[in-house]
Amino acid sequence: MKDGIILFLKENIIGRNLFTEDVVYKLENGKLEGVYSDRMIFSDLMQTGNGFKFNMTTITHELIYNVDNKDNRTTVAKDYTGTSVFCYELAMRKSTGQLTGYMRCISTTVKNQTMEAVVCGIFDVNFDGKELKWQENQLLYRDSPIGDGNYKPAAFDAKVRFHLDKGKAVFEYLPTLWDVNPDTLVKSLSKDDYPVYISKER
Numbered sequence: 207m208k209d210g211i212i213l214f215l216k217e218n219i220i221g222r223n224l225f226t227e228d229v230v231y232k233l234e235n236g237k238l239e240g241v242y243s244d245r246m247i248f249s250d251l252m253q254t255g256n257g258f259k260f261n262m263t264t265i266t267h268e269l270i271y272n273v274d275n276k277d278n279r280t281t282v283a284k285d286y287t288g289t290s291v292f293c294y295e296l297a298m299r300k301s302t303g304q305l306t307g308y309m310r311c312i313s314t315t316v317k318n319q320t321m322e323a324v325v326c327g328i329f330d331v332n333f334d335g336k337e338l339k340w341q342e343n344q345l346l347y348r349d350s351p352i353g354d355g356n357y358k359p360a361a362f363d364a365k366v367r368f369h370l371d372k373g374k375a376v377f378e379y380l381p382t383l384w385d386v387n388p389d390t391l392v393k394s395l396s397k398d399d400y401p402v403y404i405s406k407e408r
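Heads up, the working numbering is the position in the sequence shown plus 206, with the first residue counted as 1.
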């Protein structure tokens, strides 16, 4: 499976430019509204001793607005616009024959970003020759804005899918947000519901 995934990435994903059209989401029972879009490039595919690694660069425009009681956007609460590089690294485990790994942000120009020292574990990797899928679980917690310059502990899990649509690369990211108790690290499903992020090659 590992060699098939490396070939799939090399031939269909690496070097492609993908674009995410505006994604709108709400936080804190509608008190905040975010708008996200980006361009992403996958690069630097490298085979390692037992697996492979590659980078994803995102050129992101993301603003989170305060929303009044008439559901109108007012002021900008957070600006997460910038360029970030994420490293994916996976390896085949000799004990199980399964691929597992991690994803983390290795550099960013985003001011007051919330991805510093955040790592997501990768597991349940599946490849059928046409599409590559896995799941991501975030370790510990990160910060999620709640308005008025404040944050709450939160964690993102996600389902990820790479595939082709009429020869064009597609990256799908389906997030699930959890509230996290910082003392016990127990997760509870957040009331905030994020949509699917779909990035497509044009």
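C-beta atoms are modelled at their ideal positions from N, C-alpha and C, and glycine is treated no differently.
With a 10 Å radius around its C-beta and 16 neighbouring C-beta atoms as the bar for buried, classify residue i as buried or exposed.
| i | result |
| --- | --- |
| Ala361 | buried |
| Ile219 | buried |
| Ile312 | exposed |
| Ala323 | exposed |
| Asp398 | buried |
| Gly236 | exposed |
| Pro388 | exposed |
| Arg299 | exposed |
| Thr226 | buried |
Would residue i and residue j be called neighbours here (beta carbons separated by less than 9 Å)?
| i | j | result |
| --- | --- | --- |
| Val325 | Gln344 | yes |
| Phe333 | Cys293 | no |
| Met262 | Val291 | yes |
Quick check on residue i: does DSSP put it in helix, strand or coil?
| i | result |
| --- | --- |
| Ile212 | helix |
| Glu234 | coil |
| Asn218 | helix |
Just to confirm the assignment, what range does the beta strand (DSSP E) spanning residue i have?
| i | result |
| --- | --- |
| Leu345 | That residue, Leu345, is in no beta strand (DSSP E); it is neither H nor E in DSSP. |
| Lys365 | 356 to 371 |
| Lys397 | Taken as a continuous stretch (DSSP letters only), Lys397 belongs to no beta strand (DSSP E), as it is neither H nor E. |
| Asn272 | 257 to 273 |
Within its chain, find whatever has a CB closer than 8 Å to the CB of residue i; leave out the 5 residues flanking it on each side and keep chain order.
| i | result |
| --- | --- |
| Val282 | Leu269, Ile270, Tyr271, Asn272 |
Less than 6 Å between C-beta atoms, sequence neighbours within five positions excluded: which residues of the same chain meet that for residue i?
| i | result |
| --- | --- |
| Tyr242 | Val229, Glu268 |
| Thr264 | Asp244, Met246, Ser290 |
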